[in-house]
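Notes follow once the structure below has been shown.
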Amino acid sequence: MTEYLDIAGNTIAYDVTGQGPLVVLAHGMGDSRHSYRFVAPALAAAGYRVANVDIRGCGDSSFGWGGYSRTDIAGDLVAVVRHLGGPAVLIGQSISGGAATIAAATAPDLITGVIELAPFTRAQSFDLGGLVRVKRFRAGYLQLAQVLIRGSLANWKKYLDVAIPTKPADWHIELARIEAKLSEPGRMKVLQAMARTTPADAGRQLSNVTCPVLVIQGSADPDWADPRAEGERILADLPRGLGELAVIEGAGHYPHAQTPDEVLALALPFLARTLTNA
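For the sequence shown, my numbering assigns the number 13 to the initial residue and increments by one for each residue that follows.
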């Protein structure tokens, strides 16, 4: 059953399943908690209490918020953890990977670990060389640029086609769900607002993180010319020894939807280490 947390007159929608130590899931822009439809039940079955969140402006959460930065999203995630009774491990994808970093740095008493899936956690420089050399990177960049400029749902769908190189069996159903949600008045504006934010706020907090961090990248992610290198840069900005990096071969920007078994194989040992005494 969907529950709602009121934050300053707006609402965050979330589902809670399972019993045990708390794990909070947060998706990327233009998506919803349904993105974790394969991972959430498996985590609950493994003995965790799983809170699957629609980040502000997305899914069943309200829109009309004052901002959509990673810092804003981090505050919501901390509020969810506090409301449900932490501590918790945060699993955040894309923009929510950066938000999870900020949450961990600013609420170390509540966040015992972070798993970042294809995260935007550092300020990005324009990679002209990568655009020239790497076809998938160029294709994704061009589609996202059209989304940012025109608010085009058609271009967002073309981006997703590149970002999920091997589609899950239910993709036609999931794509229809995404299309219906983004067709609601105001939802595309939220996606565009998130796309305009910078990950610099998350990058500034990397050195302040005190809990373990697992970064999971897909080798075929179109958001970077070299996804592994981006993951290595995140680890380099964390305090020494806190971060580890895994790269899933062939996965795109949504490894939790495209390769959920591989993500779970990496996440479950990490959760066992970081939530042992929770």
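Even for Gly, the Cβ is constructed at its ideal location relative to N, Cα and C.
Runs of the beta strand (DSSP E) spanning 3 or more residues and lying entirely within the stretch 15-39 occur at 15-19, 22-29 and 34-38, in chain order. The alpha-carbon separation between Tyr153 and Gly104 amounts to approximately 22 angstroms. Relative to Ala119, the option among Ala135, Phe149, Ala86 and Ser108 whose CA is nearest is Ala86.
When the beta-carbon positions are compared, Leu187 and Lys201 stay at least 8 angstroms from each other. Taken through DSSP and simplified to helix, strand or coil, Thr118 comes out as helix.
Under the rule that a run must span 3 or more residues, the beta strand (DSSP E) segments found entirely inside the stretch 86-114 read 100-105.
The beta carbon of Asp66 is closer than 8 angstroms to those of Ile24, Ala25, Tyr26, His39, Ser44, Arg45, Asp72 and Ser73 in its chain, skipping five residues each way along the sequence. DSSP assignment within the stretch 201-229 yields the following whole alpha helix (DSSP H) runs of 4 residues or more, N-terminal first: 212-217. In the assembly as shown, Gln155 is a buried residue. Its beta-carbon has 16 or more other beta-carbons within 10 Å. If you draw a 10 Å sphere on the C-beta of Arg252, you find fewer than 16 other C-beta atoms in it, and that means exposed. Per DSSP, the unbroken beta strand (DSSP E) holding Ile260 starts and ends at Gly255 to Ile260. Three or more beta-carbon pairs separated by less than 8 angstroms link the stretch 255-270 to the stretch 215-227, which places the two stretches in contact.
Burial is judged here by how many other beta carbons sit within 10 angstroms of a residue's own beta carbon; Asp18 has fewer than 16 and is exposed. As DSSP reads the structure, Gly243 sits in no beta bridge. DSSP places Ala63 in the uninterrupted beta strand (DSSP E) bounded by Arg61 to Val65. Per DSSP, the unbroken alpha helix (DSSP H) holding Ile185 starts and ends at Trp183 to Leu194. Comparing alpha carbon positions, the residue from Ala212, Leu140 and Arg49 closest to Ile246 is Ala212. The alpha-carbon separation between Thr286 and Leu102 amounts to approximately 11 angstroms. Note that the C-beta distance between Ile185 and Gly230 is not below 8 angstroms.
For Thr286, the three-state secondary structure derived from DSSP is helix. Look at Ile176 here: in three-state DSSP terms it is coil, with no helix or strand label. Classified as exposed, Met13 has fewer than 16 neighbouring CB atoms from the shown chains inside 10 Å of its CB. Our two residues, Ser195 and Ala205, have alpha carbons roughly 16 angstroms apart in a direct line. Where Val159 is concerned, the enclosing alpha helix (DSSP H) starts and stops at Lys147 to Arg162. Ranked by how close their Cα comes to the Cα of Leu143, the residues Asp84, Asp235, Gly262 and Gly79 have Asp235 in first place. Within its own chain, the residues whose Cβ lies closer than 8 angstroms to the Cβ of Ala91, once the five positions on either side in sequence are excluded, are Leu17, Ile19 and Ile24, listed in chain order. Between His268 and Ser47, the gap from beta carbon to beta carbon is short of 8 angstroms. Between the beta-carbon of Ala100 and that of Leu34 there is about 4 angstroms, and that keeps the pair under the 8 angstroms contact cut.
Cβ neighbours of Glu242 within its own chain (closer than 6 angstroms, five residues either side excluded): Trp236.
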